[in-house]
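So the sequences go chain by chain: X and L.
So for the first sequence, our numbering puts the first residue at 1; every next one is plus one.
So for the second sequence, our numbering puts the first residue at 439; every next one is plus one.
What follows is a set of notes on a single structure, which appears directly below.
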Amino acid sequence: MKLETKLTLFNTLSKLVIVILFVLLLPTIIKNINQNFADSKLRKQKNNLLKIIKSSGKDYAYTSYTPLKEEYYSLEEDTTGEHLDTIQNEARKIEGDTIQYRILSFNFMARNKKYLLEIGKSVGTIDETTSPLQNMAFYILIGMVLLTILADQVYTNYVLRPLGLIIKTKLIGRKFPNFGSYVEVKTSTSDFQYLDISIHKMVETIEQTFQKEREFISNASHEIMTPISILQSKIENMFEREDVADEVKVRLLEMQKILNRLKSITKTLLLISQIENEQFLKEDKISVTDMLNEVYEEISIRLQDKNITYEQSVPQNWTFVHVNKFLLFNLFFNLVNNAIKYNRENGGIKIIGTQENNLFVISVIDTGIGIDAEDMPYLFNRFKKFRQSLQQDSFGLGLPIVKSIATFHQVEIDVKSEKEVGTIFKLNFPSQLVATGL
Amino acid sequence: MNVLIIEDEKALAQELEFFLTNYNYKCEVCFSGRSASERVAVNLYDFILIDLGLPDYDGLDLLKEAKKTNPEAACIILTARAEVYDRIKGLDLGADDYLPKPFSLLELHSRMQAITRRKFGLKHHIVELGNFMINLTDRTISYQTNIINTITKKEFDLIAYLILHKNRTLSRMQLSEHIWGSIVNNDYDSNYIDAHIKNIRKKLNLYAQPDWLETVRGLGYKIKINA
Chain X
1 MKLETKLTLF NTLSKLVIVI LFVLLLPTII KNINQNFADS KLRKQKNNLL
51 KIIKSSGKDY AYTSYTPLKE EYYSLEEDTT GEHLDTIQNE ARKIEGDTIQ
101 YRILSFNFMA RNKKYLLEIG KSVGTIDETT SPLQNMAFYI LIGMVLLTIL
151 ADQVYTNYVL RPLGLIIKTK LIGRKFPNFG SYVEVKTSTS DFQYLDISIH
201 KMVETIEQTF QKEREFISNA SHEIMTPISI LQSKIENMFE REDVADEVKV
251 RLLEMQKILN RLKSITKTLL LISQIENEQF LKEDKISVTD MLNEVYEEIS
301 IRLQDKNITY EQSVPQNWTF VHVNKFLLFN LFFNLVNNAI KYNRENGGIK
351 IIGTQENNLF VISVIDTGIG IDAEDMPYLF NRFKKFRQSL QQDSFGLGLP
401 IVKSIATFHQ VEIDVKSEKE VGTIFKLNFP SQLVATGL
Chain L
439 MNVLIIEDEK ALAQELEFFL TNYNYKCEVC FSGRSASERV AVNLYDFILI
489 DLGLPDYDGL DLLKEAKKTN PEAACIILTA RAEVYDRIKG LDLGADDYLP
539 KPFSLLELHS RMQAITRRKF GLKHHIVELG NFMINLTDRT ISYQTNIINT
589 ITKKEFDLIA YLILHKNRTL SRMQLSEHIW GSIVNNDYDS NYIDAHIKNI
639 RKKLNLYAQP DWLETVRGLG YKIKINA
C-alpha cells in the first residue's frame with residue numbers, strides 16, 4: 001500500500017473513532033450540562049422567591065404550576081423537623097398526571113413558622129435539547145472530519161511529493177552504469193533531504209567503483225597488449241626461420257594458439273570496457289539487409305561443416321540509423337556464430353525481421369541444442385560456460401559482447417529456448433534506430 | 439626502402455627490425471621520441487612506424503613533425519591504445535594506416551605493401567601461377583582466357599595474402615587473423631581456413647590442379663612461386 005494511502009487511511013480511521021466516541025458520550029455530557037444549568041436556575045429562582053416572601057411579610061401557603069406543567073412551585077408549612085436543602089429528581093402528582101420533576105427542596109424559618117419551599121422543573125423540558133444538540137454536534141463533527149481528511153490528503157500529497165520525485169529520478173530513472181549528474185530534489189523536509197543526499201552518495205560510490213573497474217580493465221588490457229605483441233612477433237619470426245625444425249615449428253604454433261587465446265580474451269574485455277565507457281560513436285547508417293549480408297559473407301564458411309541452412313527475411317527497406325556499424329556487425333556475427341556452434345547436423349538458422357508496435361524486432365532462430373532453464377539467468381555473464389558448450393574453443397565472452405553492444409544501443413534482448421529444439425534471440429530495436437524509408 | 443621504427447619496447451623494436459630486414463627493408467630503430475625527432479629532422483624515410491605510447495614524447499606530436507620533415511614518408515601508427523578517438527586523430531594528422539597492438543608482422547608487411555602499391559600506382563599487378571593468372575589490382579583470377587568468377591572475396595583475400603608472402607609457410611592462425619582480424623570473436627578456432635582452402639581447390643580443380651597451393655603438414659599453407 002502506498003504511504004500516502006496509509007497515512008490518509010490512518011487519519012480517517014483515527015478521526016472516526018474519536019468522533020464516534022464523542023458522539024456516544026454526548027448524551028451524558030449534555031445531560032450533565034443541562035442539569036447543572038437547571039440546578040443553578042432553580043437556585044436563582046429560590047433566592048428570588050425568598051426575597052419576595054421575606055419582604056411581603058405575609059404568611060401564606062402557595063402552590064402553582066404553569067399550564068403545561070413544565071414548572072411547579074409550592075410553599076407550605078413544614079411539619080417535619082429536619083433541615084432540607086436538596087435538589088433531586090422526584091415524581092409529583094398534578095391533576096392526576098404523575099410527572100418527573102427536578103425539585104429543589106428548602107426549608108426555612110419565617111415569623112416563627114417553618115416553611116418548605118419546593119421549586120420544580122419537569123425533567124422532560126430539561127432534556128428536550130439533548131437530542132437536537134446531539135444531532136447537530138454529530139453533523140458538524142462529520143463535516144469537520146471530512147474537511148480535515150481532505151486537508152490531510154492534500155497536505156500529505158504535497159509533503160510526500162519529493163519522495164516520489166526521489167524514487168522516480170534517483171532510483172528508477174537511473175540507467176546503470178551512466179548515472180548523470182546530481183540534481184537536488186527540492187524539499188524542505190529534512191528527512192527527504194537526508195534520503196536524497198544518502199542515495200546520491202550511495203550512487204556516487206557505486207559509480208566510482210564501477211568507473212574504477214572499467215578503468216582497471218581498460219588499463220590492464222592495454223598493458224597486456226604490448227607483451228603479447230612482443231611474444232607474437234618473436235614466435236612469428238622464429239616460425240619463418242629455415243634453421244628451425246618442423247617439430248619445433250609445430251610447438252611454436254601451439255604456443256601461438258595459446259597466445260591467441262590470451263589475445264582474444266584481452267581484446268574482448270577491452271572492447272566491452274570501451275563500449276561501457278561509451279568510447280564509440282553512434283553515427284552510422286546502414287541497410288539492415290546489407291549488414292546481414294556482410295555477416296553472412298564472413299560466416300558462411302562455418303555453415304558448411306554441419307551442413308546448416310541459413311535463411312534471412314528482413315524487410316528490404318529497413319535501415320539502421322544512429323548506430324555503430326562495427327559494433328552491430330559484431331553483435332550479429334556473435335549471435336549467428338553461436339547459432340552455428342550450438343546447432344545440430346543439418347540444422348537451420350533463420351533471421352527474421354518483424355515490426356511489433358513501435359519496435360523493430362530481429363530474431364535469430366536456431367535449431368540447436370537449446371539452453372537449460374537454470375542457466376538462463378547467467379546467460380550474459382562474463383566467463384560463464386555452460387555444461388552443454390561442448391567445444392573447448394570458446395571462453396564465454398560471446399554473449400557478454402552481444403549484451404553490452406545491445407545495451408549501448410538501447411536494444412533489448414529476449415531469449416526463448418527449448419532443449420533439443422532450439423533457441424530464439426529476439427533483438428528489440430527501438431524505432432529511432434530503424435528507418436523504413438527507401 | 440628505408441624504414442624508421444619508433445618503439446620504446448626494445449624487444450618489440452628488435453623483432454620488427456629483424457622481420458623487416460628479412461623482407462629487404464633497410465631499418466633504423468629509435469627507442470625514444472627525442473632521438474626519433476632528431477632522426478626525422480635529418481634523414482628521409484619511405485616508412486615511419488610510430489608507437490603512440492612513447493614515455494618521453496607525445497606520439498601525435500612526433501607524427502606531426504615527421505609529416506613536416508618527411509612529407510613523402512608513409513606513416514603507420516602502432517599502438518596499444520585502440521581508442522576510436524586516437525584513431526581519428528591519427529588519420530587526420532596524415533597517418534597512412536593504423537595497426538592496433540598486438541598485430542601480426544605479416545599484417546604489417548601487407549599494409550606496407552598496400553601503401554607501396556597505392557603510392558607507386560601499380561596498374562596491373564599480375565601474378566602467374568601455373569596456367570592461372572591472378573590480378574591483384576582487379577582482384578580476379580583467370581584460367582587461360584576465362585575469368586573464374588566463383589571465387590569469393592574471402593577466398594581471394596586468402597590467395598592474395600599467400601602470394602604476398604610467397605614461398606613462406608603461413609599458419610592457419612596468421613591467415614585467420616588476416617581474414618577475420620577485425621571481428622571481435624568469441625572463439626579462437628582457425629579450422630575454418632581449411633574449409634576455405636578446400637573450397638578454393640575445388641573451384642580451381644574444375645580448370646586445372648592448383649599445385650602451387652601447398653599444404654604444409656601440421657604447419658599451414660604456402661604458395662610456391664619460382665622467381
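Virtual Cβ for every residue (Gly too), placed ideally from N, Cα, C.
Every value quoted in this text rests on a predicted model; they were computed, and no experiment measured them.
>> For L:L454 and X:G353, what's the separation of their Cα atoms in angstroms?
In response: 48 Å
> Excluding sequence positions up to five away, which residues of its chain have a Cβ less than 6 Å from the Cβ of X:T125?
Replying inline: E70
>> Pull the bridge partners of X:G422 from the DSSP assignment, please.
In response: X:E418
> Taking 8 Å as the CB-CB cut-off, is X:D246 touching chain L?
Replying inline: yes
>> Report the CB separation of X:L259 from X:I217 in whole angstroms; it is logged as a contact under 8 Å.
In response: Rounded, the Cβ-Cβ distance is 20 Å, inconsistent with contact.
> Tell me which same chain residues have a C-beta within less than 8 Å of the C-beta of X:I235, skipping the five on either side of it?
Replying inline: L252, M255, Q256, L259
>> Distance cutoff 8 Å, beta carbons only. Does L:G471 sit that close to anything in chain X?
In response: no
> In chain X, which residues lie with their C-beta within 8 Å of the C-beta of L:K539?
Replying inline: M225, T226, I228, S229
> Three or more C-beta pairs closer than 8 Å, one from the region 201-208 of chain X and one from the region 563-573 of chain L: is that the case here?
Replying inline: no
>> Closer than 8 Å between beta carbons: that is the criterion. Which residues of the region 452-481 of chain L meet it against chain X?
In response: E453, L454, F456, F457, N460
> In three-state DSSP terms, what is L:T653?
Replying inline: strand
> Relative to chain L, which residues along the region 296-323 of chain X have a C-beta separation below 8 Å, given in chain order?
Replying inline: E297, E298, I301, R302, Q304, D305
> Exposed or buried, L:M611, counting other C-beta atoms within 10 Å across all chains shown (16 or more means buried)?
Replying inline: buried
> Looking only at C-alpha atoms, which of X:N337, X:S122, X:V288 sits nearest to X:V321?
Replying inline: X:V288
>> Tell me which residues share the same chain as X:E266 and place their Cβ nearer than 8 Å to its Cβ, disregarding the 5 neighbours each side in the sequence.
In response: A small fix is needed here, since residue 266 of chain X is Thr in this sequence, not Glu. S221, I224, M225, I228.
>> Considering only the alpha carbon of each residue, which of L:I579, L:I661, L:S580 lies closest to L:S609?
In response: L:I661
>> Using the three-state DSSP reduction, which class does X:H222 fall into: helix, strand or coil?
In response: helix
> With X:K282 and X:H409 assumed to form a contact (beta carbons below 8 Å), what rounded beta-carbon distance in angstroms separates them?
Replying inline: 7 Å
> Leaving out five residues before and five after L:K505 in sequence, what residues of the same chain have Cβ atoms less than 6 Å from its Cβ?
Replying inline: G532
> Counting only beta-carbon atoms, is L:G497 nearer than 8 Å to chain X?
Replying inline: no
>> Taking the straight line between their C-alpha atoms, what separation do you get for L:E445 and L:G471?
In response: 8 Å
>> Give me the DSSP bridge partner(s) of X:Y115.
In response: X:E77, X:F108
>> L:G497 and L:A518 - do their beta-carbons sit closer together than 8 Å?
In response: no
> Is there a Cβ from chain L that is less than 8 Å from the Cβ of X:N293?
Replying inline: no
> Applying a beta-carbon distance threshold of less than 7 Å, which residues of chain L neighbour X:F496?
Replying inline: The question about residue 496 of chain X has no answer, for chain X in this structure spans 1 to 438.
> Just how far apart, CA to CA, sit X:E240 and L:R606?
Replying inline: 7 Å
>> Using a Cβ-Cβ cutoff of 7 Å, what residues of the region 633-646 of chain L are near chain X? List them in chain order.
In response: A633, H634
> Tell me, which residues are paired with L:T578 by DSSP?
Replying inline: L:N573
>> Quick check on this structure: which residue in X:Y194, X:I362, X:V402, X:V314 has the alpha carbon closest to the alpha carbon of X:N338?
In response: X:V402
> Got a sec: which bits of the region 253-264 of chain X sit with their beta carbon under 8 Å from any beta carbon on chain L, in order along the chain?
Replying inline: L253, Q256, K257, N260, R261, K263, S264
> Is X:L42 near X:I119, with beta carbons less than 8 Å apart?
Replying inline: yes
>> For a cutoff of 8 Å on Cβ pairs, would you count L:L543 as touching chain X?
In response: yes
> Assuming L:R639 and L:L651 make a contact with CB atoms under 8 Å, what is their CB distance in whole Å?
Replying inline: 7 Å
> Got a sec: which bits of the region 327-361 of chain X sit with their beta carbon under 8 Å from any beta carbon on chain L, in order along the chain?
Replying inline: F329, N330, F333, N334, N337, N338, K341
> Under 8 Å Cβ-Cβ, which residues of chain X neighbour L:S609?
Replying inline: F239, L253, Q256
>> Would you say the beta carbon of X:V244 is closer than 7 Å to some non-hydrogen atom of the ligand SAM?
In response: As presented, the structure is devoid of all ligands, the ligand SAM included, so that no description of it is given.
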